[in-house]
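Sequence lines, in order, name chains R and V. In our numbering, each residue carries its 1-based index in the first sequence increased by 336. In our numbering, each residue carries its 1-based index in the second sequence increased by 453. In this text, a Cβ means the ideal position worked out from N, Cα and C, and glycines have one as well. All remarks here apply to the structure that follows.
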Amino acid sequence: MSAKAKRFPQRLNIRSGTIDMTHGSGGRAMAQLIDELFVTHFDNELLRQANDQAAFDVPAGRLVMSTDGHVISPLFFPGGDIGSLAVHGTLNDVAMAGARPLYLSAGFILEEGFPLVDLERIVISMGAAAKSAGVPVVTGDTKVVERGKGDGVFITTTGVGIVPEGVNISGDRARPGDAILVSGSIGDHGVAIMSSRENLTFETTIESDSAALHQLVAAMVAAVPDIHCLRDPTRGGLATTLNELALQSGVGMQLTEDAIPVRPAVSAACELLGLDPLYIANEGKLICICAPEDAQRLLTVMQADPLGAEAAIIGEVIEDAHGFVRMQTGFGGSRVVDWLTGEQLPRIC
Amino acid sequence: MKYVDEFRRHDLAQKLSRAIHNEVDRGRQYNLMEFCGGHTHAIFRYGVQDLMPDNVRFVHGPGCPVCVLPVGRIDNAIQLAQQHDVILCTYGDLLRVPGSGRKSLLKVKAEGADVRMVYSTQDALKIARDNPGREVVFFAIGFETTTPPTAVAIRQAQAEGLKNFSAFCNHVLTPAAIQNILESPEVREIGSVLIDGFFGPSHVSSVIGSQPYEFFAEEFQRPVVIAGFEPLDVMQSALMLIRQLNEGRHEVENEYTRVVSRDGNRKAKALVAEVFELRRSFEWRGLGLVPYSALRIKSAYAGFDTEKRFEVPAIQASDVKGCECPSILRGVKKPTDCRLFGTVCTPENPMGSCMVSSEGACAAYWTYGRFREAATTAREANA
Numbered sequence: 337m338s339a340k341a342k343r344f345p346q347r348l349n350i351r352s353g354t355i356d357m358t359h360g361s362g363g364r365a366m367a368q369l370i371d372e373l374f375v376t377h378f379d380n381e382l383l384r385q386a387n388d389q390a391a392f393d394v395p396a397g398r399l400v401m402s403t404d405g406h407v408i409s410p411l412f413f414p415g416g417d418i419g420s421l422a423v424h425g426t427l428n429d430v431a432m433a434g435a436r437p438l439y440l441s442a443g444f445i446l447e448e449g450f451p452l453v454d455l456e457r458i459v460i461s462m463g464a465a466a467k468s469a470g471v472p473v474v475t476g477d478t479k480v481v482e483r484g485k486g487d488g489v490f491i492t493t494t495g496v497g498i499v500p501e502g503v504n505i506s507g508d509r510a511r512p513g514d515a516i517l518v519s520g521s522i523g524d525h526g527v528a529i530m531s532s533r534e535n536l537t538f539e540t541t542i543e544s545d546s547a548a549l550h551q552l553v554a555a556m557v558a559a560v561p562d563i564h565c566l567r568d569p570t571r572g573g574l575a576t577t578l579n580e581l582a583l584q585s586g587v588g589m590q591l592t593e594d595a596i597p598v599r600p601a602v603s604a605a606c607e608l609l610g611l612d613p614l615y616i617a618n619e620g621k622l623i624c625i626c627a628p629e630d631a632q633r634l635l636t637v638m639q640a641d642p643l644g645a646e647a648a649i650i651g652e653v654i655e656d657a658h659g660f661v662r663m664q665t666g667f668g669g670s671r672v673v674d675w676l677t678g679e680q681l682p683r684i685c
Numbered sequence: 454m455k456y457v458d459e460f461r462r463h464d465l466a467q468k469l470s471r472a473i474h475n476e477v478d479r480g481r482q483y484n485l486m487e488f489c490g491g492h493t494h495a496i497f498r499y500g501v502q503d504l505m506p507d508n509v510r511f512v513h514g515p516g517c518p519v520c521v522l523p524v525g526r527i528d529n530a531i532q533l534a535q536q537h538d539v540i541l542c543t544y545g546d547l548l549r550v551p552g553s554g555r556k557s558l559l560k561v562k563a564e565g566a567d568v569r570m571v572y573s574t575q576d577a578l579k580i581a582r583d584n585p586g587r588e589v590v591f592f593a594i595g596f597e598t599t600t601p602p603t604a605v606a607i608r609q610a611q612a613e614g615l616k617n618f619s620a621f622c623n624h625v626l627t628p629a630a631i632q633n634i635l636e637s638p639e640v641r642e643i644g645s646v647l648i649d650g651f652f653g654p655s656h657v658s659s660v661i662g663s664q665p666y667e668f669f670a671e672e673f674q675r676p677v678v679i680a681g682f683e684p685l686d687v688m689q690s691a692l693m694l695i696r697q698l699n700e701g702r703h704e705v706e707n708e709y710t711r712v713v714s715r716d717g718n719r720k721a722k723a724l725v726a727e728v729f730e731l732r733r734s735f736e737w738r739g740l741g742l743v744p745y746s747a748l749r750i751k752s753a754y755a756g757f758d759t760e761k762r763f764e765v766p767a768i769q770a771s772d773v774k775g776c777e778c779p780s781i782l783r784g785v786k787k788p789t790d791c792r793l794f795g796t797v798c799t800p801e802n803p804m805g806s807c808m809v810s811s812e813g814a815c816a817a818y819w820t821y822g823r824f825r826e827a828a829t830t831a832r833e834a835n836a
């Protein structure tokens, strides 16, 4: 503490201060922002070394790497904020290879005039999310853009992880006969975001499902190493993600509407707004495709984890030259579940 | 979900399906037009067709407000946004409707025009209050359901003394359009598509009531059953239409009694009559000029009429060549009869208006139903 006090005679004025161009200039103001905000809240040994990069040993195995830019509006929403989302989003992308995430990096683009008190709240939340996931933010970058050229804050995170031996999870491995599982109720994140939009406020108890799924994935991979596909249905929702997998694998899919878990509050909000929960974004759910004989074992493992408690088998992979995802409706008919067209709502993650 | 799930019950659907199968005369076809896009959407989304006998055909009508808006009016809106520097407020599904030269409000927005998506007329009023130095235009479209909220907004703007708010009125009337379809030579011509009966609109009828359909049920000898938007409503109404046809009746019946009365919503109708008056004629995409089929703002409210505040020229713009939207909107052709369907015209890149709105027949076919027939025909034809 005393060393810091000497380096920067006056501490950052978090309570009423705002970001200005000097915070991205490379000078003392930037150093202070990094030191008093980022290093304080992301605190870990690699970051404290204060280098422009983090150097670490890599365990044996295949290294996976994934990156994700976060531009969500609003920045704070029921069940999370852009900080926790930036951690969960990238951890999940790494985990969907069946990998154990090791480290994260974070790039911040801040807009001139952004309140430091909001930035601190975001950084604290991000630090807490990283800590609880056990994956430290070991390097980062800060840039400032002029007022009007950003929207408060954008955060890009990159993650690296290691895939255990014998695990080969990929979107092109779905085969006819495979079972399709989802880890829980769909649409929570998108509805939570919508409910907090300025021009669309409605009251709901729904919170974003934003969560890090790597521990759930680790348990799944330990039980069934030969999982064929894993993917988190974020933008575009369950429907679009299944279409991606069908296209990649050259197969069709047959879903049962009644088997897909949707919270009543999410159905109600979708009903009101004319949306379909199948197309609403999730930030703490995964889709798993596996051989039919592994489905029950995986379901049991998923349901034993709090993040998979409502997991369900929702359909099967079928042969289809057109790659259609079809669904038996609860009403008794059938329909195509197509890709999302256009945008259901802007800037959700 | 209460009041919703009851109308989507699987067991009741099976029961109704059996009743319909028992009721139909195997020796004839039943061509039933659902006027409203809301019904089209429900039919596809829940797979209602799967529960119907083969000789009952749903003919998708022009009741999709986005689909029937002529290209010229989209061009007008684009001009307003680009040349008059207004804040143009619009419902979301209008953003992607193609105007002339492949322009759309979404594209001119990307080029810098101030186009904003709103969820209600109240949002547009708020934008006008918050931007006293700018002209704010509300792109008012829709059938009788969306007309009262526009009337409310105009009256509210007057009461508040808002000087920078106006509505670009494109409100259209359902009964005039149905009559036009029945009078169209293609529809009347023997050998062309015959429409045996109509599903009457749900929300529109909640405003105008069931009475306005009585004239043409009698005049054209076609039964009309006003139907709710839930899939069980559609099936129950189909059964009622089939019964009428089997018994040689052509009456207006009301399946949607939980909402629709014979007189409709008197208060809403009075409000509309206070603010709007009939246009002599108005162009509908697909139907052409239809007499007395649309509304304009009365001169007493001229200050809130975009067409009075700005120069809004009549633009004669044509549809993309090969686009069958006009015939599809009249039920003369199916989306799969169009060469553009699924080849160059998809929801991502719509050429015609029927592909834009989720209520449009082409978008509904493409999004929900193409595995039945469309994909094979469209793709094989293209291969």
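### Query
So which residues on chain V does Asp674/R lean against when the C-beta distance must stay under 9 Å?
Position 338 of the first sequence, counting from 1, holds the residue named residue 674/R. Within 9 Å Cβ-Cβ: Pro800, Trp819, Thr820, Tyr821, Arg823.
### Proximity below 8 Å, CB of Ile661/V to CB of Gly717/V
Within the second sequence, residue 661/V is the residue found at index 208, counting from 1. Within the second sequence, residue 717/V is the residue found at index 264, counting from 1. For Ile661/V and Gly717/V, yes; Cβs fall inside 8 Å.
### Message
I'd like to know whether the C-beta of Ser532/R is nearer than 8 Å to at least one C-beta of chain V.
### Response
Within the first sequence, residue 532/R is the residue found at index 196, counting from 1. It does not; no Cβ of chain V falls within 8 Å.
### Message
For Ser810/V and Gly490/V, which I take to be in contact (beta-carbon distance under 8 Å), what is that distance rounded to the nearest angstrom?
### Response
Locating residue 810/V in the second sequence gives position 357, counting from the first residue. Locating residue 490/V in the second sequence gives position 37, counting from the first residue. A Cβ-Cβ distance of about 7 Å is found for the pair Ser810/V and Gly490/V, placing them in contact under the 8 Å criterion.
### Task
Alpha carbon to alpha carbon, how far is Gly353/R from Arg364/R? Give it in angstroms, no decimals.
Here residue 364/R corresponds to residue number 28 of the first sequence, with the count starting at 1. Here residue 353/R corresponds to residue number 17 of the first sequence, with the count starting at 1. One C-alpha to the other measures close to 16 Å.
### Message
Beta-carbon within less than 7 Å of Val728/V's beta-carbon, same chain only, minus the 5 sequence neighbours each way: which residues are those?
### Response
To locate residue 728/V, count along the second sequence from 1; it is residue 275. Only Ala604, Ile607, Arg608, Ile750, Lys751, Tyr754 meet the Cβ criterion.
### Query
With a cut-off of 8 Å, does the C-beta of Leu742/V fall near any C-beta of chain R?
Here the question's residue 742/V lines up with position 289 in the second sequence. It does not; no Cβ of chain R falls within 8 Å.
### Task
Ignoring anything shorter than 4 residues or poking outside the stretch 653-701 of chain V, list the alpha helix (DSSP H) runs there in chain order.
656-661, 667-672, 684-699
#### Entry: Exposure of Lys621/R, with buried meaning 16 or more beta-carbon neighbours within 10 Å
Looking up residue 621/R in the first sequence gives position 285. Using a 10 angstroms sphere on the CB of Lys621/R, the tally of other CB atoms reaches 16 or more, which defines it as buried.
### Local Cβ density within 10 Å of Thr543/V, reported as buried at 16 or more and exposed below that
Looking up residue 543/V in the second sequence gives position 90. Buried, because 16 or more other Cβ atoms sit within 10 Å of the Cβ of Thr543/V.
#### Entry: Listed by chain order, chain V residues near Pro600/R by CB distance under 9 Å
The sequence position of residue 600/R within the first sequence is 264, counting from 1. Within chain V, the residues near Pro600/R are Met454.
### Message
Which residues in chain V have a C-beta closer than 8 Å to the C-beta of Thr576/R? List them in chain order.
### Response
Position 240 of the first sequence, counting from 1, holds the residue named residue 576/R. Near Thr576/R there are no residues of chain V at all, since even the closest Cβ is about 12 Å away, more than 8 Å.
### Task
Ignore the nearest five residues each way along the sequence and tell me which others in Val743/V's own chain have a CB closer than 7 Å to its CB.
If you number the second sequence from 1, residue 743/V lands on position 290. The residues are Ala629, Ala630, Asn633, Ser734, Phe735, Trp737.
### Query
Which word fits Met401/R, buried or exposed, when buried means at least 16 other C-beta atoms lie within 10 angstroms of its C-beta?
In the first sequence, the residue the question calls residue 401/R occupies position 65. So Met401/R ends up on the exposed side.
### Query
Sorted by chain position, which residues of the same chain lie with C-beta nearer than 8 Å to Phe392/R's C-beta, five sequence neighbours on each side aside?
Here residue 392/R is taken as the residue at index 56 of the first sequence, counted from 1. Cβ neighbours of Phe392/R beyond the five flanking positions: Leu382, Leu438, Tyr439, Val474.
### Query
Measuring CA to CA, which of Ala648/R, Gly419/R, Val637/R, Asp429/R is closest to Ala465/R?
Here the question's residue 465/R lines up with position 129 in the first sequence. Of the candidates Ala648/R, Gly419/R, Val637/R, Asp429/R, the one whose C-alpha sits nearest the C-alpha of Ala465/R is Gly419/R.
### Query
Pro676/V CB to nearest chain R CB: under 8 Å?
By 1-based counting over the second sequence, the position of residue 676/V is 223. For Pro676/V, the answer is no, since every Cβ of chain R falls outside 8 Å of its Cβ.
### Message
Considering Cα atoms alone, identify which of Phe763/V, Val785/V, Val524/V, Lys579/V is closest to Ser806/V.
### Response
For the purposes of this step, residue 806/V is taken as residue 353 along the second sequence, with counting starting at 1. Ser806/V has its Cα closest to that of Val524/V, out of Phe763/V, Val785/V, Val524/V, Lys579/V.
### Extent of the continuous beta strand (DSSP E) run through Ala620/V
Against the second sequence, residue 620/V aligns to sequence position 167. Taken as a continuous stretch (DSSP letters only), the beta strand (DSSP E) holding Ala620/V covers 618-624.
### Message
Tell me which residue opens and which closes the alpha helix (DSSP H) that Glu381/R is part of.
### Response
Within the first sequence, numbered from 1, the residue matching residue 381/R stands at position 45. It spans 381-384 - the alpha helix (DSSP H) in which Glu381/R sits, taken as one unbroken run.
### Query
At a CB-CB cut-off below 9 Å, which residues of chain R make contact with Val457/V?
Counting from 1 along the second sequence, the entry for residue 457/V is found at position 4. Neighbours of Val457/V on chain R, chain order: Ser603, Ala604, Glu607.
### Query
So, does the CB of Arg662/R fall closer than 8 Å to a CB anywhere in chain V?
Within the first sequence, the letter at position 326 stands for residue 662/R. Yes - at least one Cβ of chain V is within 8 Å of the one on Arg662/R.
### Query
So, is the C-beta of His658/R closer than 8 Å to a C-beta in chain V?
Locating residue 658/R in the first sequence gives position 322, where the first residue counts as 1. It does; some Cβ of chain V falls within 8 Å.
### Task
Have a look at Arg671/R and Ala555/R and give me their C-alpha separation to the nearest angstrom.
Stepping through the first sequence from its first residue, residue 671/R is reached at position 335. Stepping through the first sequence from its first residue, residue 555/R is reached at position 219. Rounded to whole angstroms, Arg671/R to Ala555/R spans 34 Å at the Cα level.
#### Entry: Exposure of Phe538/R, with buried meaning 16 or more beta-carbon neighbours within 10 Å
The sequence position of residue 538/R within the first sequence is 202, counting from 1. By the 10 Å Cβ count, Phe538/R comes out exposed.
### Query
In chain R, which residues lie with their C-beta within 9 Å of the C-beta of Phe592/V?
Translated into positions along the second sequence, residue 592/V becomes position 139. Ordered by position in chain R, no residue passes the 9 Å Cβ test against Phe592/V, which lies about 16 Å from the chain.
### Task
Would you list the one or two residues that DSSP bridges to Met486/V?
Locating residue 486/V in the second sequence gives position 33, where the first residue counts as 1. Answer is Val512/V, Phe651/V.
### Message
Check this for me: beta carbons of Val480/R and Met357/R, under 8 Å apart or not?
### Response
By 1-based counting over the first sequence, the position of residue 480/R is 144. By 1-based counting over the first sequence, the position of residue 357/R is 21. Yes, Cβ-Cβ distance for Val480/R and Met357/R is below 8 Å.
#### Entry: Inter-residue CB distance, Ile623/R and Pro561/R (contact presumed, cutoff 8 Å)
Taking the first sequence and counting its residues from 1, one reaches residue 623/R at position 287. Taking the first sequence and counting its residues from 1, one reaches residue 561/R at position 225. 18 Å between Cβ atoms; not a contact.
### Message
Since Thr493/V and Ala814/V should fall inside the 8 Å C-beta cutoff, what is the C-beta to C-beta distance between them, to a whole number of angstroms?
### Response
Working through the second sequence from its first residue, we reach residue 493/V at position 40. Working through the second sequence from its first residue, we reach residue 814/V at position 361. Thr493/V to Ala814/V, Cβ: 6 Å. Contact.
#### Entry: Nearest to Asp388/R (by Cα), restricted to the options Ile370/R, Phe344/R, Asn504/R, Asp641/R
For this step, residue 388/R is matched to residue 52 along the first sequence. Closest option to Asp388/R, Cα to Cα, is Ile370/R.
### Task
Starting from the C-beta of Leu427/R, find all residues in its chain whose C-beta is less than 8 Å away, skip the five residues before and the five after it, and write them out in chain order.
Counting from 1 along the first sequence, the entry for residue 427/R is found at position 91. Excluding sequence neighbours, Leu427/R sits near Pro437, Leu440, Ala469, Val471, Gly495, Ala548, Leu549, His550.
### Message
Using the Cβ count rule (16 or more neighbours within 10 Å means buried), how would you classify Ala648/R?
### Response
Within the first sequence, numbered from 1, the residue matching residue 648/R stands at position 312. Residue burial annotation: Ala648/R is buried, with at least 16 other C-beta atoms found within 10 angstroms of its C-beta.
### Query
Are any of the Cβ atoms in chain V nearer than 8 Å to that of Gly523/R?
As a position in the first sequence, residue 523/R is number 187, starting the count at 1. Chain V, which has no Cβ nearer than 8 Å to the Cβ of Gly523/R, makes this no.
### Message
Just to confirm the assignment: which complete alpha helix (DSSP H) runs, minimum length 4, are found wholly within the stretch 699-732 of chain V?
### Response
719-728
### Message
Looking at Ser553/V: is its Cβ nearer than 8 Å to the Cβ of Asp528/V?
### Response
What you label residue 553/V is simply residue 100 of the second sequence in a count that begins at 1. What you label residue 528/V is simply residue 75 of the second sequence in a count that begins at 1. With respect to Asp528/V, Ser553/V sits close: the two C-beta atoms are nearer than 8 Å.
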